[in-house]
Amino acid sequence: MTPAPQWALRYGPPALVMLALLAGWEAFVRLDDVPPYILPSPILVLETLAADRAILLPALFETLKVTFAALAAAVLGGVGLALLFAQWKWIERSFLPVAVVLQVTPIVAIAPLLLIYLEPATAVLVCAFLAAFFPILSNTALGLASADRNLVDLFELYRASRWRTLLLLRLPSALPYFLGGLRIGGGLALIGAIVAELAAGAAGQGAGLAFRIMEAGYRLNIPRMFAGLALISLAGIAIFAALSALSAWLLGRWHESALGPER
Amino acid sequence: MLEMTRPQTLVALRGIGKTYANGTRALEGVDLDIRAGEFLTLLGPSGCGKSTILRLIAGLDAPSGGVLTRAFDNLGAEIGFVFQEPTLMPWASAFDNVFLPLRLQGQSRRTAAPSVEEALSLVGLADFAAAYPRELSGGMRMRVSIARALVLRPLLLLMDEPFAALDEIARFRLNDDLLRLQEELGATIVFVTHSVYESAYLSSRIVVMAARPGRITAEIGVDNAAARDEAYRVSAAYAATCKRAAGALRDAVHGEDL
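Chains as they are written, first to last, in the working numbering: chain A, 15 to 277; chain B, 153 to 410.
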């Protein structure tokens, strides 16, 4: 027998596990005659996804728009603040506690409060921003502080200015850390947006995916709830995959994390 | 300002002491001249302040006591520093790593290219300019590091146990290449090691140090007449130098817990 090609060995097993889980779910629903308002089968979820696309896809688009806007703001804010931290230690000492307070307070608990003070659309954006901001800030700050000690000495020996040391040494050193933070932040921005939409939806506002799921719940349209959920999962996976691809492309030939298992 | 004892003294240390903030006495009462053209090895156990001396000479640290005088002002241009690790920027090609000192001086890539290429060919890596550090072997990375230190043609090359992490074959080859480079470039080298054999093979002068506090305990002049090659590694002269250096090192660490 000829050995299976690389890609089959790599992607085959996880694909099989996923298919087996879905097949098991489908079989359970069919054999046990579970009604769709209790648990829809995967095929029914797929059919609902296709049938309700006019409702679900615009909602997904809304949610993604907020997610990416929040992620962009978190990148600007997180990287900007991390740069300030790296240049002036007293800023880090002064602002880090505030950032930590924002991070450890569950976003679910902040969302209703934000909805009182802000327009629902803004509140959703702020929630998603808060969720994504901290991992980007803390990872970038860690990366900026993690430049090789000897290289820092070398830059000092060559009389490099603080600005050039930042540009040529600290920023590239921080890149892998930043990209790690970005991948976490991307997922969290989506979660933040969904959470805020749920809270806003309770107040009768919002057109995002989470609102559609809740709306479907009120109508006992369980298959559509599952379809919405599937879309959220797919969006999360797509965001993670896209940011991973970005990371692999940027780190290219130099960083261990961007290399495959074969060396 | 201290008067230079000889015109060819590049760096003079007089009564140099270094105590760190935590109270560690890294160096005490160190008197040392670094003479133009010599291959000076600082030999000693861990913690004897060998590396500290290099950092003081390079101006990366200030002595807590004593006077350090240099015969030159522009430290960045006249000192090349090679660390124990290759200390390359992983995101930059071999070319860009060697280009760094010139870049920090404000040279453009294009004007610097001939110097960079020459430095790379000096260390035998002319064909690897585009390679990234992780694509190179440990020995080749160290060569890039040496090329970077040489690219400005410094008067003084400071090397902090540069070959300690390499296997013996790579180390022997780099030892020979380093001697050849010194001859070609006429550079002065201060080389830190804890290997008796390496110090005996490379040096024109060996300074033996002891720890706690770091101080100089012996100085061994090496007859430079014999060519350093494979035959020298098995010669009686080499064995005699090894024996003297080993004896001095044993005295330096005598009574200490190793």
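Note that CB positions come from ideal geometry on N, CA and C, so glycine has one too.
- For residue 215 of chain B, the nearest beta carbon of chain A is not closer than 9 Å to its own beta carbon.
- In terms of CA proximity to residue 267 of chain A, A:190 leads the group A:172, A:44, A:190 and A:22.
- Taking the CA atoms as reference points, residue 51 of chain A sits about 23 Å from residue 222 of chain A.
- Of all residues in the stretch 279-303 of chain B, only 284, 285, 286 and 287 come within less than 8 Å of chain A when Cβ atoms are compared, listed by chain position.
- Contacts between residue 172 of chain A and chain B, judged by CB atoms closer than 7 Å, involve 228, 253 and 256 in chain order.
- Assignment of residue 121 of chain A by DSSP, reduced to helix, strand and coil, places it in the helix class.
- In the three-state scheme derived from DSSP, where H, G and I count as helix and E and B as strand, residue 371 of chain B is classed as strand.
- Listed in chain order, the non-local C-beta contacts of residue 202 of chain B below 7 Å within the same chain comprise 194, 196, 344 and 361, local neighbours out to five positions each way being set aside.
- Taking the beta carbon of residue 178 of chain A as reference, the chain B residues within 9 Å of it are 255 and 256, listed in sequence order.
- Runs of alpha helix (DSSP H) with 4 or more residues, each lying fully within the stretch 198-279 of chain B, are found at 202-209, 227-230, 246-256 and 261-274, listed in chain order.
- If you check each beta-carbon in the stretch 236-251 of chain B against every beta-carbon of chain A, the ones closer than 7 Å belong to 237, 239, 241, 242 and 243.
- Under DSSP, the beta-bridge partners assigned to residue 309 of chain B are B:232 and B:341.
- With distances taken between CA atoms, residue 379 of chain B lies nearest to B:389 out of B:323, B:164, B:200 and B:389.
- Within chain A, not a single residue places a beta-carbon under 9 Å from that of residue 205 of chain B; the smallest gap is close to 15 Å.
- Residue 343 of chain B is outside the set of residues whose beta carbon lies under 9 Å from a beta carbon in chain A.
- Unbroken alpha helix (DSSP H) stretches of 4 residues or longer found wholly inside the stretch 74-132 of chain A: 103-118 and 121-131, given in chain order.
- For the stretch 159-170 of chain A, the residues whose beta carbon sits under 8 Å from a beta carbon of chain B are, in order, 162, 164, 165, 167, 168, 169 and 170.
- Between the stretch 202-219 of chain B and the stretch 270-278 of chain B there are fewer than three C-beta pairs closer than 8 Å, too few to call the two in contact.
- For residue 167 of chain B, the closest of B:297, B:393 and B:368 by C-alpha to C-alpha distance is B:368.
- Check the Cα spacing between residue 179 of chain B and each of B:354, B:351 and B:204: the tightest is with B:204.
- Shown here, residue 233 of chain A sits in coil according to DSSP, grouped into three states, outside any helix or strand.
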